[in-house]
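Just so we're aligned, residue 753 is where the sequence shown starts under my numbering, counting upward by one. Note that CB positions come from ideal geometry on N, CA and C, so glycine has one too. Step one of this worksheet: look at the structure below.
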Amino acid sequence: MKVDLYEKIWMWLAAGMIAAFLGAITFAAGSQAIRPPSHLETIDPATVYDAPGFSAPGLVEEPDGRLVVSVVAEMFLFDPDEIRVPARRPITVRITATDVIHGFDVVGTNANAMVVPGYVTEFTLSFEPGEYLIACHEYCGLLHHDMQGVLIAEEETS
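Encoded structure:
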């Protein structure tokens with residue numbers, strides 16, 4: 753079978769482009785250690801309430817001025833179920849679970865996290881003034897629909 757010269761050129765160009773693309777992906781993933789961003793911290797689910805930062809869940813101001821909210825997700829509840837934070841300030845949320853996989857969704861924002869027992873999920877966000885529903889978006893049992901809380905972002909008074 754005779755292949756026209758122009759067809760050969762286009763086939764080689766296409767094969768070269770595919771090879772270059774696969775080579776770039778392989779190079780980036782391998783040698784440059786490009787990975788999705790993650791924060792991997794483990795915790796014993798049986799002793800969550802004894803762990804530093806989770807013994808008294810809620811809002812804490814760190815010595816360096818950072819605001820950190822620790823939350824424990826358990827079957828059908830968030831501890832604490834009401835979180836009050838200052839509006840428009842970066843808040844670091846640290847959340848873990850004691851029993852099954854839960855979700856942590858602050859409705860109306862882009863805060864949406866998976867909460868896996870044995871791991872600490874962490875993200876930082878600031879909130880406009882208002883009241884936000886916190887919902888579990890992973891089925892965790894018969895009363896999953898009752899697993900909710902509220903985040904209240906309040907204006908700071910001087």
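Can you find the residues in the same chain that come closer than 6 Å, C-beta to C-beta, to residue i, ignoring five residues on each side of it along the sequence?
i    : result
G901 : F830, D833 and I886
T890 : The sequence given here has Glu at residue 890, not Thr. Closer than 6 Å at Cβ, skipping near neighbours: I853, H854 and G855.
Go ahead and label residue i buried or exposed: buried means 16 or more other beta carbons lie within 10 angstroms of its beta carbon, across all protein chains shown.
i    : result
A849 : buried
G855 : buried
T873 : buried
L894 : exposed
R846 : buried
P809 : buried
L903 : buried
M899 : buried
Return the CA-CA distance between residue i and residue j, expressed in angstroms with no decimal places.
i    : j    : result
A781 : L774 : 11 Å
V821 : L811 : 4 Å
A771 : V800 : 49 Å
Keeping to the same chain, check which residues put their C-beta closer than 8 Å to that of residue i; ignore five residues upstream and five downstream.
i    : result
R818 : P842 and T844
Counting only the same chain and skipping the five closest in sequence on each side, list residues whose C-beta sits under 7 Å from that of residue i.
i    : result
M827 : D851, V852, C892 and G893
- prompt: Which parts of the region 770-822 are runs of the beta strand (DSSP E), unbroken and 3 residues or longer, counting only runs that do not cross its ends?
  reply: 810-813
query: For the region 862-870 against the region 801-808, are there 3 or more C-beta pairs whose distance is under 8 Å?
result: no
Beta strand (DSSP E) runs contained entirely in the region 846-907, provided each spans 3 or more residues: 854-858, 864-867, 873-877, 882-887 and 900-906
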